[in-house]
Amino acid sequence: MNIKDRRFWTISFYIVCSISLIVVSSHFQALGEKYHTLETLLLSSTVAVVGYLLCRTLVLQLKSEINGSAQLNLKYLQSLKVIRELDTKTRREISIWLHGDVQRQLMNLARILRDHGDIDLASEVTKLNDETVRAMAHRLHPQQLDISLELALSDLCYGQAELQLSDNLHLQTFIKSTFVVLRTELRVAIYRIVEEGISNALKKPSTQKIFVLVSAEENSIDISVQDDGDKLTDSWKKSLGFSLIEIFVDQFGGSWSISNNKDGVILRATLHEKLSQSGDLISKQYPVFSQIKEKDTK
Amino acid sequence: MRNSAHVGKGSPHRIIGYNIQVRAGRKSVVIVDDDSDFVEVMRLVLENDDSWEVVDTFDSLESFFANFTSRFIDSESVVPDVTKMQDRSPDLIVLDVFASNKPATTQVPLTGFQVALALRDLGLQFGTLIVTSMHSPSLLSMLQGRHKDGWAYLVKSADLTSSDILHHANKALLL
Chain A
3 MNIKDRRFWT ISFYIVCSIS LIVVSSHFQA LGEKYHTLET LLLSSTVAVV GYLLCRTLVL
63 QLKSEINGSA QLNLKYLQSL KVIRELDTKT RREISIWLHG DVQRQLMNLA RILRDHGDID
123 LASEVTKLND ETVRAMAHRL HPQQLDISLE LALSDLCYGQ AELQLSDNLH LQTFIKSTFV
183 VLRTELRVAI YRIVEEGISN ALKKPSTQKI FVLVSAEENS IDISVQDDGD KLTDSWKKSL
243 GFSLIEIFVD QFGGSWSISN NKDGVILRAT LHEKLSQSGD LISKQYPVFS QIKEKDTK
Chain B
58 MRNSAHVGKG SPHRIIGYNI QVRAGRKSVV IVDDDSDFVE VMRLVLENDD SWEVVDTFDS
118 LESFFANFTS RFIDSESVVP DVTKMQDRSP DLIVLDVFAS NKPATTQVPL TGFQVALALR
178 DLGLQFGTLI VTSMHSPSLL SMLQGRHKDG WAYLVKSADL TSSDILHHAN KALLL
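First to last, the sequence lines map onto chains A and B. Residue numbering for the first sequence follows my numbering, starting at 3 and increasing by one per position. Residue numbering for the second sequence follows my numbering, starting at 58 and increasing by one per position.
Encoded structure:
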């Protein structure tokens, strides 16, 4: 029996009981005062039974609704996770395609045009490639993130913010071949939060300095973007960018805040992730490499 | 993937992993890039200059790494001989940052950096020219700081000239 049916039968039962109660009560009233105690007893018992049955049915209904809602919530969260993963994956695939095939074709076209003496058109194609296609690919998924978070954040902050990373985040680019591996979704989330923080700070003409700090603890990543621009006023409203931060923070069960401090405005975010993965990527991909190293050590 | 010659430093007749000699006075180059047109441009430019010889090209980092190491495995062992590798590394390896043949969705893709660092980690000495279509001011600045360690960075562009390629190849050579 589904919830709607159960509700229908509960209400029907309640109506029938109420009508019966009124009928019986009127009948005893008609018999006179002699039957008053019996009438009260019957009335109380009926009310108690009906009340009990009604409560029991309602509790069952509520339990079933809570279960249904929990299942629905779980399905919602699962769908959200799939959508986020799909979004990251799609952005990355399109970006790689733009960076790879599309740029390659455009560069070849420009070379051919130049060889045929059409310098102006070749320049137009080069411009389209360098300014539009490359920029679009970068907006979708900065390729630097696939080399290292350090490099991607350095490029993001280049010329507009000072960046400081905790020692364990200086990874991948030039630390031999051993490094901590942050999964793609986490790297994307950190990058997007910092990007949003910087963009928000730059919206204020009074901002002179922006300081970005990203540090990794054992179970979390802490991000802060401090600017020295105008402070938040009471009429401050959440922009769309902050909703994006909320989405990324939710993804990692973290928290975020934006507030005034003595220097200006600070945006803080914490992402929860156990950073236990580390290692030698080459050895993982090529077991023979580990053997070479072992032999070399011996 | 194409195998041709492989080359060593110093003596012009020294035979190394690829069993083909490099002409006297030329420096050996291995190119790893999935853009075959760019590889051909590099080959033409470098070989038209009398100081270079492209001894091998690969279309993926994975095939380069596997093929390169397997050339130093002798019949009695399954593990490459590190001493031979160190002694016979090419003068220059041109590596595309993203020439991995793994799907784009791989969590951590193999990059040209990792391959170069892994080989250097084994004690191999070679110049590394990183090529990419990605414009990264930080990467440029980092590699400029490591110029003396034999690192250089070339951004692929339709405007790239022969002298740009030769300039960067020379810049990447170990001093």
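For each residue, glycine too, the CB sits at the ideal point set by N, CA and C.
- Taking all protein chains in view, the Cβ of Glu197 of chain A is crowded by 16 or more other Cβ atoms within 10 Å, so the residue is classified as buried.
- Taking C-beta separations shorter than 6 Å and ignoring five residues to either side along the sequence, the partners of His143 of chain A in its chain run Arg93, Arg94, Ser97, following chain order.
- Put simply, the backbone Cα of Asp90 of chain B is about 50 Å away from that of Asn262 of chain A.
- Within chain A, no C-beta atom comes less than 7 Å from the C-beta of Lys141 of chain B; the nearest is roughly 11 Å away.
- Residue environment: Gln253 of chain A is assigned as buried (16 or more neighbouring CB atoms within 10 Å of its CB, all protein chains considered).
- Residue pairing by DSSP places Lys84 of chain B opposite B:Trp109 in a beta bridge.
- From the listed residues A:Trp99, A:Leu62, A:His101, the smallest Cα separation to Thr12 of chain A is found for A:Leu62.
- Glu164 of chain A carries a strand assignment under DSSP once its states are collapsed to helix, strand and coil.
- Ranked by Cα distance from Ile268 of chain A, the options A:Ala124, A:Leu123, A:Gly231 are led by A:Gly231.
- A straight line joining the alpha-carbon of Ser146 of chain B with that of Gln182 of chain B spans about 7 Å.
- With contacts defined as CB atoms closer than 7 Å, Ser85 of chain B and Glu110 of chain B qualify as a contacting pair.
- In the DSSP assignment, Asp224 of chain A falls within the beta strand (DSSP E) that extends over 222-229.
- Linking Lys239 of chain A to Ser245 of chain A through their CA atoms gives a straight-line distance of about 11 Å.
- For the segment 208-219 of chain B, the residues whose beta carbon sits under 8 Å from a beta carbon of chain A are, in order, Lys213, Ser214, Ala215, Asp216.
- Residues of the segment 143-162 of chain A that bring their beta carbon within less than 7 Å of a beta carbon in chain B comprise Gln145, Gln146, Asp148, Ile149, Leu153, Ser156, Asp157, Tyr160, in sequence order.
- For the segment 101-113 of chain A, the beta-carbon criterion of a distance under 9 Å to any beta-carbon of chain B is satisfied by His101, Gly102, Gln105, Arg106, Leu108, Met109, Asn110, Leu111, Ala112, Arg113.
- Across the segment 192-207 of chain B, CB contacts with chain A closer than 9 Å involve His192, Ser193, Pro194, Ser195, Leu196, Ser198, Met199, Arg203, in sequence order along the chain.
- Listed in chain order, the positions of the segment 117-128 of chain A with a beta carbon within less than 8 Å of a beta carbon of chain B are Ala124, Val127, Thr128.
- Ranking A:Asn221, A:Leu167, A:Leu158 by CA distance to the CA of Arg194 of chain A puts A:Leu158 first.
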